Amino acid sequence: MLTNKVKSQPLNKYLVGDLRVMQRRGKSNINSYLKNLGDKSLRASDRKEAWKFLKNATNMTKVHSPPSADIENLNNFFAEIVRADESVRMPLTKSSCSPKDSFSLVEISVPSILAHLHKMKENTATGCDGLPVNFLKKTANAIAPNLSKILNCCIKNGEFPDSWKKANISAIYKGKGSKKEASNYRPISVLPCLTRIFERELFLQLSSFCLTRELIPEEQFGFRPNSSCETALVSALNRWVGEIDNSGLMVGVLLIDLSKAFDNVNHSILIKDLEDIGCDATSLALFASYLTERKQRVTYGANKTKWQSITKGVPQGSCISPLLFNIYVRKLPECVADPVFMFADDITNSTASDCLHEIQQNLEDNFMKIDEFCQDRDLKINTEKTQCILLKLPSKKTPKELELVLDNHIIKASTTVNLLGLTIDQHLSFKQHIEKTVNKCHGLIGVINKAKHILPLKLLKLSYTALVRPHLEYCSLTFASASKTNLTKLETVQKIASRIICGEKRDTHAEPLLRRLGLSTLKERRENKIMKTINNIVENHCHPYLSDIVFIDSDGLLTNNETDRISFGRKRFSSYAKHLYNN
66 MLTNKVKSQP LNKYLVGDLR VMQRRGKSNI NSYLKNLGDK SLRASDRKEA
116 WKFLKNATNM TKVHSPPSAD IENLNNFFAE IVRADESVRM PLTKSSCSPK
166 DSFSLVEISV PSILAHLHKM KENTATGCDG LPVNFLKKTA NAIAPNLSKI
216 LNCCIKNGEF PDSWKKANIS AIYKGKGSKK EASNYRPISV LPCLTRIFER
266 ELFLQLSSFC LTRELIPEEQ FGFRPNSSCE TALVSALNRW VGEIDNSGLM
316 VGVLLIDLSK AFDNVNHSIL IKDLEDIGCD ATSLALFASY LTERKQRVTY
366 GANKTKWQSI TKGVPQGSCI SPLLFNIYVR KLPECVADPV FMFADDITNS
416 TASDCLHEIQ QNLEDNFMKI DEFCQDRDLK INTEKTQCIL LKLPSKKTPK
466 ELELVLDNHI IKASTTVNLL GLTIDQHLSF KQHIEKTVNK CHGLIGVINK
516 AKHILPLKLL KLSYTALVRP HLEYCSLTFA SASKTNLTKL ETVQKIASRI
566 ICGEKRDTHA EPLLRRLGLS TLKERRENKI MKTINNIVEN HCHPYLSDIV
616 FIDSDGLLTN NETDRISFGR KRFSSYAKHL YNN
């Protein structure tokens, strides 16, 4: 009513004033209601509801809009990727020498089935069979015995159920290029929930076998125990810094991009690889059955396309696919003499020398050998996305820039590259990485600032620790040796966040606020992380590549066989971790 009166009498300052007062009261009441709702969700100790409320309040909820590309075009495009050429397809190998120490699938117990069912997330997407997770969890005790019999029958007969090999494909936009182009979408396979249980059990058994016999090379860091992107980066950087420091060398690094690696896995070669690592005849038959006669279709909501046959590749989104891929490329590091660091299909090759021409020659030769290996296995290198960088001391001058000719493509060395989410500059200062991180975090803090009126203090703190701090600490072991000036920029972000959370002014001293919120400094958290990592290495709970990077001497001090020739050497994880541990 008042709004209508103001519209009819816009010059009446009394009515306009009353309207503004009512609007402020309404906004205040809404904010108060939402804040009470947030407090209620916290008091209820329901983490899911609290997190859901937080995401809605900060507009962090992801909305999956329908793909702009035609759904039929997407279906045909994705099917073409995983369809092998009939002229080069080979029959699947199902024979094995069955050695005494071969891999044999063991029967799956009812308690294992129950554990897998209860661990599944209720919001997991439903496959083409329409069986939702919440139904399977509610009926777990009733269906587990029969499900165990079905799975054990599959293992005994070496057959994977055909209905469990059908995948609904969700087209996820990559974030680049036109949304109308099918090539700018990534296919994610949504398999039936029962399939995922069987795959999980196959993964656990095969992974344990590979781990015990050390079948996956130490150069592979992806999808294995005690390993992560950070582990791979620490291992690579530790070596590169050591080569630069000890001999004053330059290090050429080649970042090789594989095109649709998981989709190009040749089934016949993979089965032969499984035979080579020691799978017996029955398990080989099961894996052969798992890979053959697969089908997929693109779906969105009620829209479903026709089924398409799959004759190559391993499904993206399956827990066992990364392990199968690791087995598929396990011999790649043997192709070259220079170091190789792999994270699933991310391949990084490096070579060290004081001669630019030698670095160029070595990287080009290494690329040719890696390319030959990939071609033999139907894998394709995307040369246009392949990058290189020359790491060196700031004082080291070169007569010209590093330039490689790879597969008739000229690749010029970049001053910075992105490796596994870490921005690496040629002098390893990490300045650019920290600046990018700070800029991203300022944007996230701005979102939190807008929601501070409707979030209670505990949820504001949670929003910072869940949405902002992970970016500040991503791969922090790698840049812990960065300059104090750069690291202070990260601390400043946390101080700004503490003022927003506590509702204080911009010039308020942040130290008391951090203590009030119970937030340790990022430096303290980094040092604790370093100490924990060192303890894991000493206790041999680490990736094999790091197992001998440091050790405890007879005096109880951390040591290694390295000495820092110049201050640059202290950028090594093994160097600054040693000094921190001993001091």
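Counted the way this note's numbering counts, the sequence shown spans residues 66 to 648. By construction, the Cβ of each residue, glycine as well, lies at the ideal position given by its N, Cα and C atoms. Computed from a predicted structure; not experimentally measured.
Counting other Cβ atoms within 10 Å of its Cβ, T204 stays below 16 and is therefore classed as exposed. Within the segment 436-467, the complete beta strand (DSSP E) runs of at least 3 residues fall at 452-456. When the alpha-carbon of H183 is set against those of T370, T376, H536 and P197, the nearest one is in P197. Every unbroken stretch of the alpha helix (DSSP H) spanning 4 or more residues and falling wholly within the segment 379-413 is given here in chain order: 386-393.
Taking C-beta atoms as the reference points, Q425 and L469 count as a pair closer than 9 Å. Contiguous beta strand (DSSP E) elements confined to the segment 478-564 occur at 481-484 and 487-490, taking only those with 3 or more residues.
Checking the DSSP bridge columns, you'll see V255 partnered with N233.
In the DSSP assignment, M185 falls outside any beta strand (DSSP E) and carries neither an H nor an E. Three or more beta-carbon pairs drawn from the segment 313-326 and the segment 448-457 are found closer than 8 Å, and the two stretches are therefore classed as touching. The Cβ-Cβ distance between A190 and S228 does not fall below 9 Å. The continuous stretches of beta strand (DSSP E) do not include D572, and DSSP gives it neither H nor E.
In the structure shown, F268 adopts helical secondary structure according to DSSP, grouped into three states. In terms of Cα proximity to C294, the closest of Y393, T543, D618 and L139 is T543. A distance below 6 Å between beta-carbons, with the five flanking residues on each side excluded, links Y355 to the following residues of its chain, in chain order: F225. Around the CB of D410, 16 or more other CB atoms lie within 10 Å, so the residue is classed as buried. Scanning H332, I561 and G511 for the CA closest to the CA of R571 turns up I561. DSSP, read as helix, strand or coil, puts L170 in coil. Relative to the Cα of G343, the nearest Cα in the group N138, L527, F168 and E358 belongs to F168.
Partner residues in the beta bridge of D322, as assigned by DSSP, are D411. Distance from the CA of L532 to the CA of L509, rounded to the nearest whole angstrom, comes to 7 Å.
Looking at L351, L622 and G583, the one whose alpha-carbon comes closest to that of I599 is L622. Residue environment for H574: exposed (fewer than 16 other C-beta atoms within 10 angstroms of its C-beta). For M596, the number of other beta carbons within 10 angstroms of its own is below 16, and it is reported as exposed. Per DSSP, I336 is one residue of the alpha helix (DSSP H) stretching across H332 to I342.
Taking the CA atoms as reference points, L582 sits about 11 Å from Q559. Excluding the 5 residues flanking it on each side, K517 has same chain C-beta neighbours closer than 8 Å at L525, I565, I566 and G568, in chain order. The residues N140 and R362, in chain order, have a CB closer than 8 Å to that of K371 in the same chain once the five nearest residues on each side in sequence are set aside. Here the segment 375-388 makes contact with the segment 263-277; the two share three or more CB pairs at distances below 8 Å. In this structure, DSSP gives V198 a helical state, which the three-state scheme calls helix. Where T347 is concerned, the enclosing alpha helix (DSSP H) starts and stops at A346 to L356.
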